[in-house]
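Novice: Next up is a structure, given as structure tokens.
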Amino acid sequence: MTTNALEVKNLKMYYFTSRGPVKAVDDISFTLKRGEVLGLAGESGCGKSSLGFTLLGMPTPPGKIIGGSIKVDGREIVGLPEDVLRKEIRWEKISMIFQGAMNAMNPVYTVGYQMIEPLIYHKGMDQDEALERAQKYLELVGLDPEIVYRYPHELSGGMKQRVIIATALLMEPTVVIADEPTTALDVIVQAQIINLMKRLKKELNLSMIFITHDLSILAEISDKIAIMYAGKIVELGPSEKVYYEPAHPYTQKLLAAIPRLHEDVDRLEFIPGQPPNLLNPPKGCRFNPRCPYAMQICKEQEPELKEVDKDHYAACWLL
Amino acid sequence: MAEPILQVKNLKKYFPLKRGFLAGLRGEPERYVHAVDGVSFDIYKQQVFALVGESGCGKSTTGRLIVKLLEPTDGKIYLEGQDVTTITTKEELLAYKRKVQIIFQDPFASLNPRFRIFDVLEEPLLIHGIGETRAEREELIYKALEMVKVTPPEEYVSRFPHQLSGGQRQRVAIARALILDPEFVVADEPVSMLDVSIRAEILELMKELKERMGVTYLYITHDMSTARYFADWMAVMYLGRIVEMGPAKRVIDNPLHPYTRALLAAVPEPKPERRNVIKELPIKGEVPSAVNIPPGCRFHPRCIYAQKGLCDVKQPELKEYEHNHFAECHLVGKF
Amino acid sequence: MRWVDFKDSVRRFWEDFKHQKAGITGLILLILLVVLAIGAPYMTSPDVPVKWQTGVAWITNPKNAPPSWENYFTSQTRAVQAEYTITNMHVQTIKNGTYTIYKLSLTYNMKYDVPPADIVVMGLHSNATNPKQVPQVQMALVRPPEKGVKDNRLNLISQITLPNNNAIQVAHLDQTRNHVLYWLYLNGVLKIPNVPPSMITPDNINMFVMTNTTLYQMVAAMDSMRVMFGRLTDSNGNPLPIEKVISTPQSLKGTYGLVITITVPSNVKVDFTNFKVAFVGRTYGLLGTDQYGRPIALGILWGTRVALAIGLAVAITSVLIGILIGVTSAYLGGWADEAIQRFTEFMMTLPVLPMLILLSLYFGGRVNLTQLVFFLVIFGWMGTSKVARSMALQIKEQTYVEAARALGASTGRVVFKHIVPQLLPYAFASIALSVPGAILSEAGLSFLGLTSQNLITWGQMLNTAHQNGATINGYWWQVIPPGLAISFVGLVFVLLGVSLDTVLNPRLKRA
């Protein structure tokens, strides 16, 4: 049996702020098989991006991993020293397409230089070899390899995002985390990028974690969906199950809030109130103040993830 | 149907490109960004007219022209039959701005971070001299906040924008636009920066206010799905021109223009069963710059149906192909 | 902005600011400076600026004297300035027929290796109308007992007139010198052979001295003060050789008495209110004196007034003007903006110091405070204006400004409600940071002697020191304190400015 690409168990990452710990990632477990795409969804501030950074072993300060395990390709990375992470894990085993990275490219360096800089400095690769590799991956994402000699302002938004994707693939990592990779793009370019990622997934047997708040985009690519709310996964399961038989009231409400292109909806549903402050989350189920079905137990005890169907889990007292 | 409340006729806005001093001396011709290049449409009372397109297509510029944040290069705008492009006096301009308001995309940027919510909402009242005393204005402000469901108002008036959630800020922005009781509101991507659950909430609120206050919206968006949900009419813009226009549902269910088709094909839908299918996108290339507009049909370099000798030579006109359903293409029905 | 908002933003500002160590230090030091500046007239006297220019006011002070605390670091202690008023003296009034005699006596503890440089008597006021009625003064020094010395009393002045506003500088008088020589003769230190003692008087002793060339040269170089406070005998009571007593005197430590006898006609009234006797020190006060005898410490204290006044006036005015011009330029745009920017750059390229010198010369070579502030503002607004313009351009493009314009807000409203309030924090930091520059420019001009002499400024103190050759003569106390004061005020405002910038500038705050 092959090892899973990624195994996360009881992962906890808190931000230690002056006002107390913010529980941004709170007891999260999931597994990702090779060639599988996990879609991670939730409202802004639910901890989905924090989770992404944590999986890379680099929570944003003042965040700290305070418990749990992350196994990439069977290797535990929690507790590894920073230089080992940088040399042996990051980019080589697990890489990330950062949110807004395409707009953070340095305008005074060529695209090629920016792509291979980490390879030369962190991996000790020779410049020509690195450049060759960059060109190979640029071709793979559907760009002209000569782009390595161009500057970022000469590229369109879609092209820049392809460069970022190629950069994430350079070291042939097992897992790629994509944080809102299509958010700033126009509809058509967004569709093209999604097409590209579907192709890469098939061609490279890539495992991916796709983070976005947009459930429509997520449906286009994910095999598995995890819905996050206030630092916790509230529902996890195969895409079809989550989209067509959502078990958690939060998931149900989120899906009902999406306007459909080819269907007439009389009234969109929405979730009243706001996501809780993670400094001081509500007692019991964190969704209980906004949940229309909240019962007494929801206010007192925190529900565990329960298997409602094969591989389909949800954390709700209603089940 | 009744008289349209707002009519736009052949509206154009060209922005001059800054050229160097030497270039000017050498007599190089001035170059322009053709942001809006001949746009015409009518909007009827209490209806929602959606202007859809990708970034840079001129939809936001059109919105800003209508609220007179920009002056058109050419063309006319009529509000209730009156030409408003010729307004010169301050009084007339103020009166117009009272009738026509705008809601911006980014609720984080559209509220002055140093203003309390009270000040944000008091500003339009002060500008237009509504409410003699502070008590009167306070009354109006409380009412406006209640209307957009930021309740209880007492709790929010003394807060700063950063102390509010994104959804609440956008509600305040809506209240600011509606406190003057305008007839026409330009909503420039009002929900695209918000989370899905909040997005629905704001759209519902805007819909409710349309009924309650009788406002008419120009809804500017890149999102076809919300346009279908919210709008009665829809116009698709490409490189400064409307390429297709008609009842929102007709345009989405039966698109006439190849660009509309491509846009619709690209819209992601929450249907996971298609996750392994690579989508076909009937379009090629990338959007050209609005400085060098292609000759003929401006979509022809990207159109997969373009015919040589026709599309790259002759500019098509916006024609009515079905009842109320217009398109600007030589080849409607031929592909 | 309403009052509550103002209070609130001040409170929030303070919350942030109090964590800035540098800023708090700067604030405390600034408060100290302000207290010094405002308190200067009360701590000293309000007429100091007038007295500063008149030499006679400092007649009781030593010239170019180092600070008194230098004594802690030298092997030979030098006399410290000591002054007596009538309240410190014992007064005895004797009516003698048509005359009234005031006998004033005081004690002076001489504990130094180098005795005082002079004894100055001044401030006696009488209502005498003709020269004959002017008070007559006699003075005698009563020395502590010394073995082998017969006469402890040494007459210094047998008779001298003291009109109003005049001073007696004892050490400078021939009379005194002659009395000292006579006294040396009486005590057997000065020997005049072949002349019967009865022929020798204080008035003619000099004549006999002149006959001996060696002795005469010795006497010509004599410091009478050192001799009269010096030892005459060795520990056995034998007279010391004359060369030792006159040329290398050793001080006789102990309690001295000074007796001043003032004789006036009975009808003349004498006022002792301002009467003063000074044992002029060889060292002076906290920071010594300059060549006119003016105390350096006093100059430093009063200098804070001008420094703060000029610094703040120039900084505030030029920052406000800069912001006004910058915002106007940004808001007008187009050709107006181009023109204003080119003009700003033109002003920036002008060499400031040469221009200031030329301007000062054009205005008579001595500019007063108002003119100086005006000149410094003319050359000080450009930097702020550039930054203010770029900030205003940024704010102008903000959506909330667009929203205000869509609501129909007028230009004035946009500028004063949306743009200027955002610039205020920058303005405060900018003001604090431009104070040192203004003070330095003032110091530069003063050093070159181009500012009005009616001001006490640190720059002028440096100018005085320079003219006095302070660096060559090693008068460090005339150079270092004003220099340090300038740097210190600069430091205070830089500390404040940097902290204000950190607190008020959101970009830096996040970092």
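Chains as they are written, first to last, in our numbering: chain A, -17 to 301; chain B, 80 to 414; chain C, 76 to 586.
C-beta atoms are modelled at their ideal positions from N, C-alpha and C, and glycine is treated no differently.
Computed from a predicted structure; not experimentally measured.
For A/Ala160, name the three-state secondary structure that DSSP assigns.
Specialist: If DSSP states are grouped into helix, strand and coil, A/Ala160 belongs with the strands.
Novice: Please confirm if A/Tyr225 has its CB atom under 8 Å from at least one CB of chain B.
Specialist: Yes - at least one Cβ of chain B is within 8 Å of the one on A/Tyr225.
Novice: Quick one: what does DSSP say C/Trp89 is sitting in, helix, strand or coil?
Specialist: In this structure, C/Trp89 counts as helix in the three-state DSSP scheme.
Novice: Let me know the alpha helix (DSSP H) ranges lying completely inside the stretch 158 to 203 of chain A, each 4 residues or longer, listed in chain order.
Specialist: Runs found: 169 to 186 and 197 to 203.
Novice: Have a look at C/Asn548 and C/Pro142 and give me their C-alpha separation to the nearest angstrom.
Specialist: C-alpha separation (whole angstroms): 15 Å.
Novice: Return the CA-CA distance between C/Arg357 and C/Val155, expressed in angstroms with no decimal places.
Specialist: Distance between the alpha carbons of C/Arg357 and C/Val155: 6 Å.
Novice: Quick check on A/His244 - is its C-beta less than 8 Å from some C-beta in chain B?
Specialist: Yes, contact with chain B.
Novice: With distances taken between CB atoms, is the gap from C/Ile531 to C/Pro210 smaller than 8 Å?
Specialist: No, they are not a contact pair.
Novice: May I ask you to list, following chain order, the residues of the stretch 466 to 488 of chain C that have a beta carbon less than 9 Å from some beta carbon of chain B?
Specialist: For the stretch 466 to 488 of chain C, which is checked against every Cβ of chain B, the residues closer than 9 Å are Gln473, Thr474, Tyr475, Val476, Glu477, Ala478, Ala479, Arg480, Ala481, Leu482, Gly483, Ala484, Ser485 and Arg488.
Novice: Apart from the five residues just before and just after C/Ala163, which ones in its own chain have a Cβ nearer than 7 Å to its Cβ?
Specialist: The sequence shown places Asn at residue 163 of chain C, not Ala. Excluding residues within five positions, the ones whose Cβ falls inside 7 Å are Leu181.
Novice: Given a cut-off of 8 Å, decide if B/Leu335 and B/Met303 are closer than it, judged by their beta-carbon atoms.
Specialist: Not a contact, by the Cβ cut-off of 8 Å.
Novice: Residues of chain A with CB closer than 7 Å to the CB of B/Tyr308, please, in chain order.
Specialist: Going along chain A in sequence order, the residues near B/Tyr308 (Cβ under 7 Å) are Pro241, Val247 and Leu250.
Novice: State the Cα-Cα distance for the pair C/Leu559 and C/Ile385, rounded to the nearest angstrom.
Specialist: Taking the straight line from one Cα to the other gives about 18 Å.
Novice: Is it a yes or a no for the stretch 349 to 364 of chain B touching the stretch 393 to 412 of chain B, going by three-plus beta-carbon pairs under 8 Å?
Specialist: The answer is no - the stretch 393 to 412 of chain B does not touch the stretch 349 to 364 of chain B, with fewer than three Cβ pairs under 8 Å.
Novice: For A/Ile207, does the three-state DSSP call read helix, strand or coil?
Specialist: In this structure, A/Ile207 counts as strand in the three-state DSSP scheme.
Novice: When you compare only the Cα positions, how much space is there between B/Val366 and B/Tyr384?
Specialist: One C-alpha to the other measures close to 17 Å.
Novice: Pick helix, strand or coil for C/Thr119, following the three-state DSSP scheme.
Specialist: C/Thr119 falls in the coil class under three-state DSSP.
Novice: Give the DSSP-derived three-state secondary structure of A/Met(-17) in the structure shown.
Specialist: Unreliable placement is indicated for A/Met(-17), whose pLDDT of 46 sits below 50; the coordinate value is still reported in the next sentence. Coil, per DSSP.
Novice: Considering only the alpha carbon of each residue, which of C/Phe304, C/Ile267 and C/Leu307 lies closest to C/Thr288?
Specialist: Minimum Cα distance to C/Thr288 is reached at C/Ile267.
Novice: Quick one: grab the DSSP three-state call for C/Asn281.
Specialist: Three-state result, C/Asn281: helix.
Novice: With 16 as the cutoff for other CB atoms within 10 Å, does A/Lys235 come out buried or exposed?
Specialist: Buried: at least 16 other Cβ atoms inside 10 Å.
Novice: Should A/Ala337 and A/His195 be called a contact, given that it needs their Cβ atoms to be closer than 8 Å?
Specialist: Absent from the model: residue 337 of chain A. The displayed extent of chain A is -17 to 301, so no value can be given.
Novice: Can you say whether C/Arg582 is buried or exposed, counting buried as having 16 or more other CB atoms within 10 angstroms of its CB?
Specialist: Confidence at C/Arg582 is low in this model, with a pLDDT of 49, below 50, so the placement of that residue should be treated as unreliable; the coordinate-derived value is given next. Label assigned to C/Arg582: exposed.
Novice: Return the CA-CA distance between A/Tyr(-3) and A/Glu58, expressed in angstroms with no decimal places.
Specialist: C-alpha separation (whole angstroms): 22 Å.
Novice: Are the beta-carbon atoms belonging to B/Thr300 and B/Ala129 less than 8 Å from one another?
Specialist: Contact: yes.
Novice: Which of the three DSSP states, helix, strand or coil, is assigned to A/Glu286?
Specialist: Residue state, collapsed to three classes: coil.
Novice: Does the CB of A/Leu202 have a neighbour CB from chain B at under 8 Å?
Specialist: Checking the displayed sequence, the identity of residue 202 of chain A turns out to be Glu instead of Leu. Answer yes: the Cβ-Cβ gap between A/Glu202 and chain B drops below 8 Å somewhere.
Novice: Can you tell me where the alpha helix (DSSP H) with B/Leu205 in it begins and where it stops?
Specialist: Unbroken alpha helix (DSSP H) run through B/Leu205: Ile196 to Ile206.
Novice: By how many angstroms is the C-alpha of C/Ala405 removed from the C-alpha of A/Glu128?
Specialist: Approximately 42 Å between the Cα atoms of the pair.
Novice: Which same chain residues, not among the five before or five after C/Gln234, have their C-beta less than 8 Å away from its C-beta?
Specialist: Contacts found: Gln211, Val212 and Gln213.
Novice: Is it the case that the Cβ atoms of B/Ala114 and B/Gly375 are separated by a distance below 8 Å?
Specialist: In this structure, B/Gly375 does not lie closer than 8 Å to B/Ala114 by Cβ.
Novice: Just by C-beta distance, which residues in the stretch 283 to 316 of chain B are closer than 7 Å to chain A?
Specialist: Answer in chain order: Glu283, His301, Met303, Ser304, Thr305, Arg307 and Tyr308.
Novice: Taking the straight line between their C-alpha atoms, what separation do you get for A/Tyr133 and B/Phe263?
Specialist: A/Tyr133 and B/Phe263: Cα-Cα distance of roughly 44 Å.
Novice: So which residues on chain B does A/Val169 lean against when the C-beta distance must stay under 7 Å?
Specialist: Residues of chain B passing the Cβ test: Glu133, His301, Leu342, Ala345 and Val346.
Novice: Using the Cα positions of B/Val127 and B/Gly412, report the straight-line distance between them to the nearest angstrom.
Specialist: Each residue's Cα considered, the two are about 28 Å apart.
Novice: When DSSP labels each residue in this structure, what does C/Leu583 get in the three-state scheme?
Specialist: Only weak support is given to the placement of C/Leu583: the predicted model assigns it a pLDDT of 47, under 50, and the value that follows is read from those uncertain coordinates. Helix at C/Leu583.
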